[in-house]
Amino acid sequence: MTTNSPMRAWRPTELRCDCLPKLANSPIRFRGVDASWPNQLVRAGTSTPLLVAEGANRVSRPGKAHKYTEARSEAAECGAGADVARTQKVGRQELAVEVLLLARRAGSLLTGLIAKNTDEEWARRYRGEL
């Protein structure tokens, strides 16, 4: 398995799906966040591994890069939700920290997959060669 393979990106997103319902179902609510926030967290968490799987099954490199970009956006959304929960002391803090770390890891792996499947100039710029 290569360093930036879709299956390596799958594991962190799969773990996040486990944590998000527990974090999102916290009985504590805080000001400034509407009632759809828990559902949004769970939706983003479940979309990420599904998009990774879709990207892995695409044939064209641009198609793969597109799905991995969408997955990275969903992972970032999960991380942002976990960071809000952590800073506002909502729910179990150890879950919020775990989700945040996994979102960062998934984002890193997905950035590598995006670079691998996009045009060469962008990939060289990403690697710092330009």
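Read in the numbering used here, the sequence shown has 1358 at position 36, and its numbers run on one by one without any break. Quick reminder that beta carbons are idealized off the backbone N, C-alpha and C, glycines included.
Buried or exposed by the 16-neighbour rule on C-beta atoms within 10 Å, applied to residue i
| i | result |
| --- | --- |
| Glu1451 | exposed |
| Pro1384 | exposed |
| Lys1389 | buried |
| Arg1449 | exposed |
| Cys1394 | Rather than Cys, the amino acid found at residue 1394 in this sequence is Arg. Label assigned to Arg1394: buried. |
| Arg1465 | Given that the chain is displayed from residue 1323 to residue 1452, the structure contains no residue 1465 and the question cannot be resolved. |
beta-carbon residue i near the ligand ADP non-hydrogen atom, thresh 8 Å
| i | result |
| --- | --- |
| Leu1424 | For the structure depicted, the ligand ADP is absent and the ligand set is empty, with no information on it obtainable. |
CA-to-CA distance, residue j to residue i, given in whole angstroms
| i | j | result |
| --- | --- | --- |
| Gly1413 | Val1406 | 11 Å |
| Thr1433 | Glu1443 | 15 Å |
| Met1323 | Ala1378 | Bear in mind that the predicted position of Met1323 carries a pLDDT of just 46, short of 50, making it unreliable; the figure below should be weighed with that in mind. Near 13 Å, if we compare the C-alpha coordinates of Ala1378 and Met1323. |
| Ala1404 | Asn1439 | 29 Å |
| Thr1391 | Leu1431 | 11 Å |
| Ala1402 | Arg1365 | 13 Å |
| Arg1380 | Asp1441 | 16 Å |
Residues near residue i by beta carbon distance below 7 Å, same chain, minus five either side
| i | result |
| --- | --- |
| Glu1376 | Lys1389 |
| Ser1484 | Nothing about residue 1484 can be reported from this structure: the residues present for the chain run from 1323 to 1452 only. |
Cβ separation of residue i and residue j, assumed to be a contact under 8 Å, to the nearest whole Å
| i | j | result |
| --- | --- | --- |
| Ala1425 | Ala1397 | 5 Å |
| Arg1408 | Leu1422 | 6 Å |
| Cys1400 | Leu1373 | Wrong, their Cβ atoms sit about 12 Å apart, outside the cutoff. |
Contacts around residue i, its chain only, beta-carbon distance under 6 Å, and the 5 residues preceding and following it disregarded
| i | result |
| --- | --- |
| Ile1350 | The predicted model places Ile1350 with a pLDDT of 49, which falls under 50 and marks its position as unreliable, so this point remains unresolved. |
Beta-carbon proximity list for residue i, same chain, < 8 Å, skipping 5 on both sides
| i | result |
| --- | --- |
| Gly1429 | Arg1394, Ala1397, Ala1398, Gly1401 |
Using a Cβ distance threshold of 8 Å, determine whether the stretch 1414-1422 contacts the stretch 1369-1385, with at least three qualifying pairs required. No contact exists between the stretch 1414-1422 and the stretch 1369-1385.
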